[in-house]
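Scroll down for the structure; my scribbles are underneath it.
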Ligand code: NAD
């Protein structure tokens, strides 16, 4: 129960879904956790377990600066950033609008860039830290009807590697996490097809939180610039071999 004891973590998109599970897990393992979300803190799924709930928009540098300032003021520093806030929108290229593109890039990619930029001074002050960027399996391969989301999540993967190279000498590790289909409010209106998933099921937010906990903890001190897939084997290969099916 103390894998991140004494550490301070900031988790974006923490009101619900994967972010809430990460917040609860880090808090249960001894971290002081600040959850941030664009939603009203009164609506956050997890409140009592964590140190603080803040309302902020990851697309605003001003909001980021105040969130980091507030975290450091209340808890004395910052060690872990989980860039989890994200949105999704659908449409085929040709029909997918500029407005949809701008919206998804702003939250999923620019939000991650702004977050890393905002926390670097505080992490350097602690002589190290861990940044975990939540990408997707759509950050590793293309998905139809998801041009903006796929581009944003590939962007997060690349940005993670570039930042890992820039920050390694400061002992700040940066890794990306690539979930498959996880049951959250984001996916509640979607029908999962698990026929091509090796484990034959969807994932739970707590399972992603377990992986994030490892990356946040000192169990992963030699791990940086890496991609962590958590998808039940969805991207392992072809669950149905077309050669055998003919
Ligand atoms: P969710 O919609 O349940 O939660 C996302 C949270 O982000 C929400 O609380 C939302 O209010 C918040 N948010 C949105 N825009 C924001 C902004 N501008 N500023 C601050 N907060 C904002 O989604 P989830 O399924 O828990 O997804 C969390 C992350 O995991 C996302 O980055 C998502 O792309 C990624 N992901 C999810 C799945 C899945 O199957 N659920 C799969 C792969 C990756």
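Residue numbers (the UniProt record's numbering): 1 to 246.
Idealized CB from N, CA, C, for every residue including glycine.
Keep in mind the model is a prediction, meaning the values are calculated, not measured.
- Scanning its chain for C-beta atoms nearer than 8 Å, with the 5 sequence neighbours on each side dropped, one finds around residue 221 the residues 173, in chain order.
- With respect to the C-alpha of residue 226, the residue from 168, 237 and 42 having the closest C-alpha is 168.
- The Cβ atoms of residue 178 and residue 239 do not sit closer than 7 Å to each other.
- The alpha carbon of residue 10 has as its nearest neighbour, out of 199, 171 and 31, the alpha carbon of 31.
- With a contact defined as Cβ atoms closer than 8 Å, residue 137 and residue 235 qualify at about 5 Å.
- Look at residue 102: its beta carbon is at least 6 Å from all of the heavy atoms in the ligand NAD.
- Short note on residue 136: C-beta closer than 6 Å to some heavy atom of the ligand NAD.
- Taking 7 Å as the cut-off, the beta carbon of residue 180 is found no closer than this to the beta carbon of residue 156.
- Annotation: residue 64 to residue 56 spans about 7 Å, alpha carbon to alpha carbon.
- In the structure shown, the three-state DSSP call for residue 17 is helix.
- Taking the Cβ atoms as the reference, residue 147 lies roughly 5 Å from residue 93, within the contact range of under 8 Å.
- A direct Cα-Cα distance of roughly 36 Å separates residue 77 from residue 188.
- Put simply, of 233, 75 and 85 the residue whose alpha carbon is nearest the alpha carbon of residue 39 is 85.
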